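In terms of my numbering, the sequence shown opens at residue 1 and continues consecutively.
All residues carry an ideal CB built from backbone N, CA and C; glycine is no exception.
Keep in mind that this is a model prediction, so the values were computed, not measured.
Following: one structure in structure tokens, then a few remarks.
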Amino acid sequence: MMKKTWFVFAAILISITSALPLLSCVPKAPPQEKFVTYLSLSDLTGPGAGMVVPIVEAIGFALDNLNGKGGVKGVKVNSIVVDTRYDTARTVSAYKRYRTEPRAFWAFIPLTAAVKALAAQMEADKIPCTTPGDGEFQAKPAWVFLLGAPYPDGFAATLDWIVKDWKDKGKSGMPTVGYMSWDSQYGREALRGGQQYAEKIGVKLLKPEFHPPGAADYTVWLSRINEAGADYCFVGGVDPTQSLTLRDALKLGLTKKIQFVSDYWGLDENVGIKLHPEATEGALLVTPFARGDESRKLPPVAELWSKYGKGPISEMKAGFPAGIIHVKYLAIALEKALDQVGYEKIDGEAVYKAIQTITGTDS
1 MMKKTWFVFA AILISITSAL PLLSCVPKAP PQEKFVTYLS LSDLTGPGAG
51 MVVPIVEAIG FALDNLNGKG GVKGVKVNSI VVDTRYDTAR TVSAYKRYRT
101 EPRAFWAFIP LTAAVKALAA QMEADKIPCT TPGDGEFQAK PAWVFLLGAP
151 YPDGFAATLD WIVKDWKDKG KSGMPTVGYM SWDSQYGREA LRGGQQYAEK
201 IGVKLLKPEF HPPGAADYTV WLSRINEAGA DYCFVGGVDP TQSLTLRDAL
251 KLGLTKKIQF VSDYWGLDEN VGIKLHPEAT EGALLVTPFA RGDESRKLPP
301 VAELWSKYGK GPISEMKAGF PAGIIHVKYL AIALEKALDQ VGYEKIDGEA
351 VYKAIQTITG TDS
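Given below as structure tokens:
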């Protein structure tokens with residue numbers, strides 16, 4: 001019996017001893033990759049896609065480029081992109097689904113109505129957001145940041161130019177201005193403050209004409225503005241809305257009679273202008289960021305396009321540079337936040353505080 005017990009014990013000892021070298025050779029588990037989560041809830045196939053897709057595309061390229069260089073202090077950015085189709089309910093649903101993703105630190109939501117609906121929730125979740133230009137979030141700073149100048153500011157700048165142009169042409173009195181845009185919160189946003197500014201400077205602003213996003217024909221609204229005596233007309237929407245509006249204005253003989261001015265998101269060389277060059281000739285554009293050849297010559301834009309873009313840079317759409325600048329500032333803010341709190345405590349609140357300290361950077 002003793003011999004049998006000793007044999008079993010010896011066998012176990014030999015097995016353990018033999019296994020030790022093997023155990024010591026087992027490779028250590030690789031360290032877990034550090035990351036934060038970025039949410040892009042954007043219209044990729046709806047009426048806003050003409051301008052939104054290039055922005056989202058540039059954001060994706062810029063994040064890939066950033067991650068390819070090791071991220072920000074070793075922290076990479078995971079991007080979740082959802083096509084909202086310019087639908088508020090779909091956007092809200094997508095946000096609620098992804099808001100608890102690990103280390104969600106920022107959201108990009110280019111839909112005014114959805115951001116208004118989610119503003120309180122995002123503040124409670126401590127997830128800051130970027131949206132294009134809703135003036136409410138400039139007037140009442142909170143957790144929503146703007147990609148460009150507020151829409152009311154853009155409209156007010158247009159009115160200033162209109163008055164100057166009118167006087168430079170030697171005309172007396174004040175001009176009459178029409179307003180056309182989408183029947184949405186975005187479409188009305190420029191008038192929140194813009195309408196009061198028109199009254200202040202003495203411009204006669206006609207009753208606004210609102211139409212469905214993605215409308216195919218604009219002759220009804222153009223006819224009303226013409227019959228009301230417009231000298232100028234501000235046109236909102238996302239291209240090709242503006243270009244199609246001008247197409248119909250040309251058919252009605254209005255492009256020589258009324259000076260049309262597009263808001264930020266219209267008259268893209270590679271969207272509507274390419275399709276309707278005659279109709280868009282002579283129209284003006286108010287914009288908070290560089291467009292055309294000026295934007296294509298910016299070193300960060302040229303560099304990223306040469307690495308990721310398809311086709312010659314002349315085919316780059318207008319929104320592309322905005323996406324690059326957006327990622328640039330997020331990266332700066334993320335670096336500042338990591339320096340302040342470290343990776344283990346990084347979250348939306350830390351980045352929210354950090355981005356407000358950025359000053360003196362070149363676009």
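By how many angstroms is the C-alpha of residue j removed from the C-alpha of residue i?
i, j, result
"I355", "L330", "7 Å"
"L275", "F105", "40 Å"
"A114", "G292", "30 Å"
"A156", "Y308", "37 Å"
"S24", "K34", "Interpretation of S24 is limited by its pLDDT of 42, a score under 50 that renders its predicted location unreliable; no figure is taken from the coordinates."
"R296", "N65", "18 Å"
"K207", "P213", "19 Å"
"L267", "V238", "8 Å"
"G60", "G253", "43 Å"
"E349", "T280", "45 Å"
"G187", "G236", "7 Å"
"K256", "G282", "9 Å"
"P175", "K336", "49 Å"
"F210", "K69", "47 Å"
"N270", "A120", "37 Å"
"I55", "K167", "37 Å"
"I346", "L338", "6 Å"
"R97", "I80", "11 Å"
"E189", "K164", "24 Å"
"K353", "E123", "13 Å"
"A139", "G170", "36 Å"
"A225", "L111", "Before going further, note that residue 225 is Ile rather than Ala in the sequence given. Distance between the alpha carbons of I225 and L111: 27 Å."
"S314", "E344", "43 Å"
"G319", "G342", "33 Å"
"M316", "G48", "17 Å"
If we call anything under 8 Å between Cβ atoms a contact, is residue i one with residue j?
i, j, result
"Y151", "G178", "no"
"E57", "G323", "yes"
"T88", "A117", "yes"
"I258", "A230", "yes"
"L284", "D248", "no"
"P288", "A94", "no"
"V53", "L41", "no"
"Y264", "G154", "yes"
"I201", "L147", "no"
"G135", "R192", "yes"
"G50", "P240", "yes"
"L298", "A62", "no"
"L290", "P321", "Correcting the residue type first, residue 290 is Ala in the shown sequence and not Leu. Contact: yes."
"L250", "V72", "no"
"V392", "N67", "Nothing about residue 392 can be read from this structure; the chain reaches only from 1 to 363."
"V351", "P141", "no"
"H326", "T130", "yes"
Can you tell which of the options has the C-alpha that lies nearest to the C-alpha of residue i?
i, options, result
"K204", "S184, P240 and I162", "I162"
"V92", "K76, A107 and G236", "A107"
"T359", "V341, I332 and A350", "I332"
"Y38", "G253, V75, W265 and D231", "V75"
"V371", "C233, E227, I109 and D160", "This structure gives no information on residue 371, because the portion of the chain shown stretches from 1 to 363."
"D362", "K336, E344, E349 and K328", "K328"
"D125", "A216, Y232 and R99", "R99"
"L244", "Y352, Q195, S262 and H326", "S262"
"F260", "R90, F234, G46 and Q340", "F234"
"S184", "A302, Y86, R224 and L147", "Y86"
"P102", "A228, K164 and V36", "V36"
"R90", "T219, N67, S306 and G46", "G46"
"Q242", "E227, D217 and A228", "D217"
Tell me the DSSP bridge mates of residue i?
i, result
"A104", "T37"
"L146", "T131"
"V235", "M180 and S262"
**Report entry** alpha helix (DSSP H) segments (min. 4 residues) lying fully within the stretch 159-217
**Finding:** Qualifying alpha helix (DSSP H) stretches, in chain order: 185-189 and 191-201.
Query raised in the report: In chain order, which beta strand (DSSP E) runs of at least 3 residues are fully inside the stretch 252-326?
Result: Listed in chain order, the complete beta strand (DSSP E) runs (minimum 3 residues) inside the stretch 252-326 are 259-262.
Query - Secondary structure, beta strand (DSSP E): runs of 3+ residues fully inside the stretch 30-84 - result: The DSSP assignment places 35-42 and 76-83 as complete runs of the beta strand (DSSP E) inside the stretch 30-84, in order along the chain (cut-off: 3 residues).
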